[in-house]
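A.B. asks:
Numbering (the numbering used here), first residue to last: 971 to 1466.
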């Protein structure tokens, strides 16, 4: 035992013989122990009340109060303190009897120093172990209390949430839920965890997602958001795996939010956009036709200034019609009705036709258009929708190349997909704006392209059409170095 650890131990020597007390003090102090002395049992009990003591050396035969009475008191009130009985050879039987009543050990007078220190050392070790046990026991009690408190808080929070909470174990059994879950999922049965998930819901999309988390098909850091319908509710279910400390999947957690009202509002918005767009398009088309009649001189000759004003009016009408058509496209995409007719489609043919339509505008801006279709294959698609996608991307590439340059459209086979790339060397898109370009009505701002007119809906429509074809679109861009849009569309099987 080193001095640093032994110096923390305080030993009380209780003996009516001063020579014994002084001898113990000399031997024990030399080993780094702190020693207190008492000449009788009453004084010893007073010191126990006033001072912290780790170990007691107790003589049996003392005036005022004997050692056996002191031992009885210590066992009753301070059972954590080891008591070593000091006895003579003639009273060993009494010491043994004291050990049966709770004393730790005994030493006989006169002491053999080595044996005496060995007994003290064992008692000190016992005392330290007992202190550690008490410490860990208190820590355990405190941790259990804290755990119980946190569990109570968590239960209160979950039960007060408006969103539904569904927690499953590794066997996809429901182990935790809240009242909002039963309300949102129209569950009228009692849930007694653990309960098989399929007894609560038969929604295949949700069950499949949770299975994929459990089997490791989905990365543990992912979460999945999906819409599910349960009776009269439309819910957004956000699911993620529950991970153990070793990052193993031990279950899943799903939070369900009622979005029924938002879906109804979205439908009302789409209906309103459709109604307004249709109501606006008819009179605008009529006004444009009347303007064309005037421009063609069928209503009489026009002066140059008058013709210029009417041409400007026609241009504004065309912009409004473009906005209305885009709004209708967005409404149809959001309703899942934009792609209605699919047929084997020659993408190369659509690309070349689109390029020829846009070439005059490209020539005006000094932009060279080129097409590279090395491995074109047919796709099952809506030709009109694919044409709209290509027109949007190629037109944007030309418009955002104000200083001229080259715009290239390339097609090649990539696995089971047909890859279409539209690249330009124009103004590019700053990195912080790339995630925003798919938002409706968002337009990239650049000093050189202020004159470019548009609705900010083209890319939103483009992505909607591509995804409706089970395809994928992404973009790479660097400011002042150009932009490349890449589309992947599933190719037709050879026997289709």
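We put the CB at the ideal spot given by N, CA and C, even for glycine.
Can you have a look at residue 973 and say buried or exposed, based on whether 16 or more other CB atoms are within 10 angstroms of its CB?
C.D. replies: Because residue 973 sits at a pLDDT of 42, beneath the cut-off of 50, its placement in the model cannot be relied upon, and the point is left open.
A.B. asks: With a threshold of 16 other CB atoms inside 10 Å of the CB of residue 1147, please say whether the residue is buried or exposed.
C.D. replies: Looking at its Cβ environment, which holds 16 or more other Cβ atoms inside 10 Å, residue 1147 is buried.
A.B. asks: Exposed or buried, residue 956, counting other C-beta atoms within 10 Å across all chains shown (16 or more means buried)?
C.D. replies: Examination of residue 956 is not possible in this model, given that the chain is present from 971 through 1466 alone.
A.B. asks: Once the 5 residues before and after residue 1449 are set aside, which same chain residues still bring their CB inside 6 Å of it?
C.D. replies: Around residue 1449: 1398, 1400.
A.B. asks: Quick one: complete alpha helix (DSSP H) runs, 4+ long, within the segment 1146-1188?
C.D. replies: Whole alpha helix (DSSP H) segments, 4+ residues: 1149-1154, 1174-1185.
A.B. asks: Can you check DSSP and say which residues form a bridge with residue 1079?
C.D. replies: In the DSSP output, where bridge partners are listed per residue, residue 1079 has 1058.
A.B. asks: On the three-state DSSP scale, how would you describe residue 973?
C.D. replies: Note that residue 973 scores a pLDDT of 42, beneath 50, so its modelled location is shaky; the value from the coordinates is reported in the next line. Residue state, collapsed to three classes: helix.
A.B. asks: Kindly indicate which residue of 1019, 1012, 1020, 1021 has the alpha-carbon position closest to the one of residue 1029.
C.D. replies: Out of 1019, 1012, 1020, 1021, 1012 has the C-alpha closest to the C-alpha of residue 1029.
A.B. asks: Residue range of the beta strand (DSSP E) that residue 1267 falls in?
C.D. replies: Note, residue 1267: premise wrong, no beta strand (DSSP E); not H, not E.
A.B. asks: Apart from the five residues just before and just after residue 1303, which ones in its own chain have a Cβ nearer than 6 Å to its Cβ?
C.D. replies: Correct list, in chain order: 1434.
A.B. asks: In chain order, what residues of the same chain lie with their CB nearer than 7 Å to the CB of residue 1283, ignoring the 5 residues before and after it?
C.D. replies: Result list for residue 1283: 1261, in chain order.
A.B. asks: Mind checking residue 1141: buried by the 16 CB within 10 Å criterion, or exposed?
C.D. replies: That one is exposed.
A.B. asks: So, are the CB atoms of residue 1314 and residue 1350 less than 8 Å apart?
C.D. replies: Contact: yes.
A.B. asks: Suppose you measure from the CA of residue 1218 to the CA of residue 1145; what does that come to, to the nearest Å?
C.D. replies: Each residue's Cα considered, the two are about 18 Å apart.
A.B. asks: Drop a sphere of 10 angstroms on the beta-carbon of residue 1014, count the other beta-carbons inside from all chains shown, and report buried for 16 or more, exposed for fewer.
C.D. replies: With 16 or more Cβ atoms within 10 Å of its Cβ, residue 1014 is classed as buried.
A.B. asks: Quick check: the Cα distance between residue 1118 and residue 1212, rounded to an integer number of angstroms?
C.D. replies: Their Cα atoms are separated by approximately 20 Å.
A.B. asks: Would you call the CB atoms of residue 1093 and residue 1076 closer than 8 Å?
C.D. replies: No, Cβ-Cβ distance for residue 1093 and residue 1076 is not below 8 Å.
A.B. asks: Using a Cβ cut-off of 8 Å (strictly closer), state whether residue 1214 contacts chain C.
C.D. replies: The structure shown has no chain C; it contains just one protein chain.
A.B. asks: Once you ignore the five residues that flank residue 1097 on each side, which residues in its own chain have a CB closer than 8 Å to its CB?
C.D. replies: So the qualifying residues of the chain are 979, 1024, 1025, 1050, 1051, 1052.
A.B. asks: Taking the C-alpha atoms as reference points, what is the distance between residue 1253 and residue 1246?
C.D. replies: Each residue's alpha carbon lies about 12 Å from the other.
A.B. asks: Nearest by alpha-carbon distance to residue 1251: which of 1242, 1291, 1268 is it?
C.D. replies: Nearest option by C-alpha distance: 1291.
A.B. asks: Please report how far the alpha carbon of residue 975 lies from the alpha carbon of residue 1002, in whole angstroms.
C.D. replies: Unreliable placement is indicated for residue 975, whose pLDDT of 43 sits below 50; no coordinate value is reported for it.
A.B. asks: Return the residue from the list 1086, 1249, 1321 that minimises the CA-CA distance to residue 1355.
C.D. replies: The shortest Cα separation from residue 1355 among 1086, 1249, 1321 belongs to 1321.
A.B. asks: Below 7 Å CB to CB, which residues in the same chain sit around residue 1452 once its five sequence neighbours on both sides are set aside?
C.D. replies: Taken in chain order, the residues that qualify are 1393, 1394, 1395, 1396, 1398.
A.B. asks: Check whether the Cβ atoms of residue 1239 and residue 1204 lie closer than 8 Å to each other.
C.D. replies: Against a cut-off of 8 Å, the Cβ pair of residue 1204 and residue 1239 comes out as no contact.
A.B. asks: Please specify which runs of the alpha helix (DSSP H), each continuous and at least 4 residues long, are wholly inside the segment 1385-1444, giving them in chain order.
C.D. replies: You should have 1428-1438.
A.B. asks: Taking DSSP as the reference, what is the three-state secondary structure of residue 1236?
C.D. replies: Looking at residue 1236 - three-state DSSP - the assignment turns out to be helix.
A.B. asks: Give the DSSP-derived three-state secondary structure of residue 1335 in the structure shown.
C.D. replies: DSSP places residue 1335 in coil when its eight states are reduced to three.
A.B. asks: Note down the Cα distance separating residue 1347 from residue 1228, rounded to an integer number of angstroms.
C.D. replies: Straight-line Cα distance between these residues: approximately 44 Å.
A.B. asks: Just to confirm my understanding: we take residue 1223, look at its own chain, exclude 5 residues before and 5 after, and list those with CB closer than 6 Å. What are they?
C.D. replies: So the qualifying residues of the chain are 1137, 1210, 1212.
A.B. asks: If you reduce the DSSP assignment to three classes, tell me which class residue 1142 lands in.
C.D. replies: Note: residue 1142 maps to coil in three-state DSSP.
A.B. asks: Ordered along the chain, which non-local residues of its own chain (more than five positions away) have a Cβ less than 8 Å from that of residue 986?
C.D. replies: Once the five neighbours on either side are set aside, the close Cβ partners of residue 986 are 1009, 1010, 1029, 1031, 1032, 1033.
A.B. asks: Given a cut-off of 8 Å on the beta-carbon distance, is the pair residue 1385 and residue 1337 in contact?
C.D. replies: Contact flag unset, no.
A.B. asks: In whole angstroms, what is the alpha-carbon distance linking residue 1406 and residue 1339?
C.D. replies: Taking the straight line from one Cα to the other gives about 27 Å.
A.B. asks: Thinking just about the alpha-carbon of each residue, which of 1334, 1352, 1389 is nearest to the one in residue 1365?
C.D. replies: It is 1334.
A.B. asks: I think residue 1411 touches residue 1426, with their Cβ atoms under 8 Å apart; what is that distance to the nearest whole Å?
C.D. replies: About 4 Å separates the two Cβ atoms, so the contact holds.
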